[in-house]
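Asker: Would you mind keeping the following structure in view while I ask a few things?
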Amino acid sequence: MGDAEAVRLMLRAEVRCSERAVIASGAALTERTIFVITDWQPPVDTAVSLRLSFPTLVDPVELAARVIGHRAPGNPGEAGGLELAFEACAREPAAALAAQLRRLSAAAAGWPAEPAGDYRVLLVEDNDLIRDMFAFGMRRAVPPPGGATIDHAEDAERAWSKLHETRYDLVIIDHFLPAEDGASLIARLRRDERLARVPVVAISVGGPAARDATLSAGADLYLDKPLALRDLLHTLRVLARRARTPSGASPAGSAA
Amino acid sequence: MMDELHARFLPQFLALARERMRRARAAAARPDAPALTAVMRELHAIAGEAGLLGLTAIVPIARGAEEQAKHLRDGRPGADLGAFASALDDLGHAIDAASPEPRPP
């Protein structure tokens, strides 16, 4: 198996068994296991079906897995959830997915080596300090030339206007916004024919309720704020670099 | 990069967090629903900013205080103004502990 280091990208993880289905975030993917951030605690040995995806990069991959343990929530950066082990039949596609994500992740580490064009991000966040920190982090993570252009909107209505004026490659939405919350904005966006496929990353410090609300509304990924900047910037680098490659998204199954 | 971010934004965070705490305490002194909603917003902002700066010790305390404010606002059983005041004190101490300098007078 060559138990390589776990992939550090967050994935969208849809988990279901005969009793229940949840949409959650997947982390620490290896060839044999994945950690799924959720409050759901099915008994150890429960058989589940797992659907993993990553916006614009990885088409959904269906994997059979089994619960092998639970992790209680620790500090905010240490979310609670389920440890899942892939069934033997799922190990090959899981390894292919991990290898593909690892390659994407490694390729983004040195990016951009040359001007990459205009990668536009809309950050919907009402907190000025967080907006400033994010912009600073982005300038460091994706410096010019080829850096991303970041627009800001402080509430859902302003975001909606910008989304209809400009084409964005990625939208990052805080769940706790004044008036209309982030989940409602995401749901609106998913119902709009022109915007339905825009990659959306939801961020919040609101814990499980915010995660469930935004993922259920259609966010591709959810990141808790204590982890957000490091992981979000890394995710952006991967997404932005991938957006510049001619092949675009490719199914994980074809990447091994 | 996190070190750079920390060095650049920590002073701004601390000044803002102390101002937010001042406003939260003032609002908590007259704990009606609008005041408690305002307190919740201040505490949530502290949690989010601290989270992005990697000040993970502050986040659960701010989130806990925010929850207590919510329980008070919604009149939930067990909501306690004394415990809420104590949570605000704990948060104030955590913010001070994140400062490399002694607390300004």
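Chain order of the listed sequences is A and B.
So the first sequence is residues 64 to 319, counted in the numbering used here.
So the second sequence is residues 27 to 131, counted in the numbering used here.
Note that CB positions come from ideal geometry on N, CA and C, so glycine has one too.
#1: Taking 9 Å as the threshold (C-beta atoms), are residue 98 of chain B and residue 62 of chain B in contact?
#2: When the distance is taken between beta carbons, is residue 54 of chain B closer than 9 Å to residue 110 of chain B?
#3: Residue 75 of chain B CB to nearest chain A CB: under 9 Å?
#4: Could you compute how far the alpha carbon of residue 87 of chain A sits from the alpha carbon of residue 39 of chain B?
#5: Identify whether residue 221 of chain A lies in helix, strand or coil by the three-state DSSP scheme.
#6: Relative to chain A, which residues along the stretch 38 to 60 of chain B have a C-beta separation below 7 Å, given in chain order?
#7: Taking 9 Å as the threshold (beta carbon to beta carbon), is residue 71 of chain B in contact with chain A?
#8: Residue 131 of chain A to residue 124 of chain A, Cα distance in whole Å?
#9: Report, in whole angstroms, the separation of the C-beta atoms of residue 93 of chain B and residue 73 of chain B, which I expect to be a contact under 8 Å.
#10: Cutting at 6 Å between CB atoms, please list the residues of its own chain near residue 115 of chain B, excluding the five before and the five after it.
#11: Residue range of the beta strand (DSSP E) that residue 233 of chain A falls in?
#12: At what residues does the beta strand (DSSP E) containing residue 214 of chain A begin and finish?
#13: Could you pull the start and end residues of the alpha helix (DSSP H) that residue 75 of chain A belongs to?
#14: Does the beta carbon of residue 142 of chain A fall short of 8 Å from some heavy atom of the ligand NAD?
#15: Taking the C-alpha atoms as reference points, what is the distance between residue 83 of chain B and residue 119 of chain B?
#16: For residue 178 of chain A, is the classification buried or exposed, using 16 other Cβ atoms within 10 angstroms of its Cβ as the cut-off for buried?
#17: Residues in the stretch 93 to 120 of chain B with C-beta within 7 Å of chain A's C-beta atoms, listed in sequence order?
#18: Does DSSP put residue 11 of chain B in a helix, in a strand, or in coil?
#19: Name the DSSP bridge partner or partners of residue 129 of chain A?
Answerer: Walking through what the data contain:
#1: With respect to residue 98 of chain B, residue 62 of chain B sits close: the two C-beta atoms are nearer than 9 Å.
#2: yes
#3: yes
#4: 31 Å
#5: helix
#6: Taking 7 Å as the Cβ-Cβ cut-off against chain A, the residues of the stretch 38 to 60 of chain B that qualify are 38, 39 and 42.
#7: Judged by the 9 Å Cβ criterion, residue 71 of chain B is in contact with chain A.
#8: 20 Å
#9: Wrong, their Cβ atoms sit about 11 Å apart, outside the cutoff.
#10: none
#11: 233 to 237
#12: That run of the beta strand (DSSP E) goes 211 to 216.
#13: Careful: residue 75 of chain A lies outside any alpha helix (DSSP H), inside the beta strand (DSSP E) at 74 to 79.
#14: Inclusion of the ligand NAD in the displayed structure is not the case, the ligand content being empty and no account of it being possible.
#15: 11 Å
#16: A caution first: residue 178 of chain A carries a pLDDT of 43, below 50, which makes its placement in the model too unreliable to give a value.
#17: none
#18: Lying outside 27 to 131, the shown extent of chain B, residue 11 of chain B is not represented and no answer is given.
#19: A:110 and A:148
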